[in-house]
Structure formats: C-alpha cells, structure tokens
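Novice:
Numbering (my numbering), first residue to last: 12 to 260.
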C-alpha cells in the first residue's frame, strides 16, 4: 500500500530550536494518541533535516483518519514512522525500540547501516499489466507503473519482459520529484507466450532496487521468509491465455 500527498506544516527543526534542545540529544521519540503503536524513534539528524509537523493535507486540514489535528511527516521513511494524532515529542540521548521499528535493505554497501535502516530503498511496481488483469490478445501493449525512493528522486527505471534476462530503460513521465511517485512506461509486443514482467528502479544516489533473493541472502533467511513490506522487485506472470498473476509463490 502506498500513497503520495501534498503536506503543509512547520519544520520540526524550527520547533526543536525554539524549545532549546541541548547537546548530546541524538534521537527524538514521537508519540501519538494511538499509545504504543503510535510511537516512533527518529534520529536527530533526520528530525533537524526535513521532518514536518503537518496540519494540512492536499489543501485542507488533516482529516481525522489521517491524524488530525497534527501528524509528524518523516520524508523517505516508512509510513508507520509518521505518527498520527501527535501529542508529544521527547528529545532523548539514545535509540528506543518502538512497536513500529524494522529495517529496510537500501544500502547493500553498508551492511550494518542497511540492517537497521529506516529509509525506504528504491522501489518500483508495474501497475499494468498486473495481478488480476487480463490481456485480451497478443499484440502491442504499454507496460506502465510507479517508482519511488526514500533516498531521493528516481533516476532510472528498467523493465524486463522476459523474466529478467534482458532489461530496457523505461520512459520517465514528467519530472521525477524527490520522495514522490514517478510514473514510467515502456512499449512491449507480446507474442502470446507465457512470460514474467519485472521493473527495477535506481534512485539519484545510485541505489538499485534488489531482488527477493538478494534480500534473503543479506538477512540470511529463506526467500519465502522475506517480509512482504520490503522493496524487492515485484514479478508478474503473464499466462498464455493473457491472465496476469503474482509470480511470487
């Protein structure tokens, strides 16, 4: 599940400076009224960078189901770190494990940092054709989808129509904004044979979307145990009858 919205608010750094944070403060703990499930630990460096205490969403006040009256926005982090119904921000000198904390594989060149990473790595997904859809017949189609990255703007998206053997650069639609959905597409002439469609995103920092096998190897778990909320490549299987299915067993 993913979404992309326009937020209005105050930089958290402004509020922290006004509060007079002291040296040695290295983390914040944001708490919402959802009790333990609404708490998130955020590094101070991130809190002083681009975090926002938001009161507006898409040109109107934040709606109750989205965290009214205030919601913490942590750009590039998983949505669960964006505490809704914000009631308190604690400045602390150490990391506190909260209900929501888990890592993402976004920097394979930094194993320790990646294992504990909160930043969403580059991700893309083909939305057409995708699971549950039907191709009426062989012929030309436009394969399209969305890409994004918590590390910045999307730099490149590649698409494979033969299960990953060959890759073609997709066209980026419009401007690729930082930490926002970016549309892509590429032409494909389907011959009516069974195949797999995949997409692979590279962000502006050079990080490349991993495969499920790479994530499994990194965390030393079977491929079938890779968590479903990772940023791995999503394959779609196109059957000879044109039906499209999730290729992850």
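Beta carbons are placed, not taken as given, at the ideal position from N, Cα and C, and that holds for glycine.
(1) Using only alpha-carbon positions, find the residue among 53, 210, 45, 67 that is nearest to residue 19.
(2) Look up residue 68 in the DSSP assignment and give the residues it is bridged to.
(3) Measure how close the beta-carbons of residue 39 and residue 101 come, nearest whole angstrom, since I'm counting them as under 8 Å.
(4) Here's the rule: buried if 16 or more other CB atoms are within 10 angstroms of the residue's CB, otherwise exposed. What is residue 169?
(5) Compute the Euclidean distance between the alpha carbons of residue 234 and residue 87, then round it to the nearest angstrom.
(6) Count the other CB atoms, across all protein chains shown, that sit within 10 Å of the CB of residue 109; report buried if there are 16 or more and exposed otherwise.
(7) Please say whether residue 210 and residue 136 have beta carbons closer to each other than 8 Å?
(8) Does residue 202 pass the burial test, meaning 16 or more other C-beta atoms within 10 Å, or should it be called exposed?
(9) DSSP three-state label for residue 125, please.
(10) Assign residue 224 to buried or exposed, taking buried as 16 or more other Cβ atoms, counted over all protein chains shown, within 10 Å of its Cβ.
(11) Name the residue from 146, 130, 129, 154 whose alpha carbon lies nearest to the alpha carbon of residue 138.
(12) Under 8 Å, do residue 164 and residue 181 count as touching if we go by C-beta distance?
(13) Please state the DSSP three-state secondary structure of residue 234.
(14) Can you tell me where the beta strand (DSSP E) with residue 52 in it begins and where it stops?
(15) Got a sec, what are the start and stop residues for the alpha helix (DSSP H) residue 28 sits in?
(16) Contact defined as beta carbons within less than 8 Å: I believe residue 259 pairs with residue 246. What is the distance between those atoms, to the nearest angstrom?
(17) Where does the unbroken beta strand (DSSP E) through residue 206 begin, and where does it stop?
(18) Between 157, 178, 147, 57, which lies nearest to residue 130 when the distance is taken from Cα to Cα?
(19) Quick one: what's got a C-beta closer than 6 Å to residue 123's C-beta in the same chain, skipping five residues either side?
(20) Should residue 264 be labelled buried (16 or more other beta-carbon atoms within 10 Å of its own) or exposed?
(21) I'd like the span of the beta strand (DSSP E) that includes residue 152, first residue to last.
(22) By the three-class DSSP mapping on this structure, what secondary structure does residue 89 have?
Specialist: Reading from the atomic positions:
(1) For residue 19, the nearest C-alpha among the options comes from 67.
(2) Beta-bridge pairing links residue 68 to 18, 71.
(3) About 6 Å separates the two Cβ atoms, so the contact holds.
(4) Residue 169 is buried by the Cβ-count criterion.
(5) Rounded to the nearest angstrom, the two C-alpha atoms are 26 Å apart.
(6) By the 10 Å Cβ count, residue 109 comes out buried.
(7) Cβ distance < 8 Å, so residue 136 and residue 210 count as in contact.
(8) That one is exposed.
(9) Confidence at residue 125 is low in this model, with a pLDDT of 48, below 50, so the placement of that residue should be treated as unreliable; the coordinate-derived value is given next. Note: residue 125 maps to helix in three-state DSSP.
(10) Only exposed fits residue 224, as fewer than 16 other CB atoms lie within 10 angstroms of its CB.
(11) With distances taken between Cα atoms, residue 138 lies closest to 154.
(12) Contact flag unset, no.
(13) When secondary structure is reduced to three states using DSSP, residue 234 falls in the helix class.
(14) In the DSSP assignment, residue 52 falls within the beta strand (DSSP E) that extends over 51-54.
(15) According to the DSSP assignment, residue 28 belongs to the alpha helix (DSSP H) that extends over 23-30.
(16) Contact check for residue 259 and residue 246: beta-carbon distance about 7 Å, within the 8 Å limit, so the pair qualifies.
(17) 206-214 is the extent of the beta strand (DSSP E) around residue 206.
(18) Of the candidates 157, 178, 147, 57, the one whose C-alpha sits nearest the C-alpha of residue 130 is 57.
(19) For residue 123, the predicted structure reports a pLDDT of 46, less than 50, and the residue's modelled location is therefore unreliable. The matter cannot be settled from this model.
(20) Any answer about residue 264 is impossible in this case: the structure gives the chain only from 12 up to 260.
(21) It spans 150-159 - the beta strand (DSSP E) in which residue 152 sits, taken as one unbroken run.
(22) Coil.
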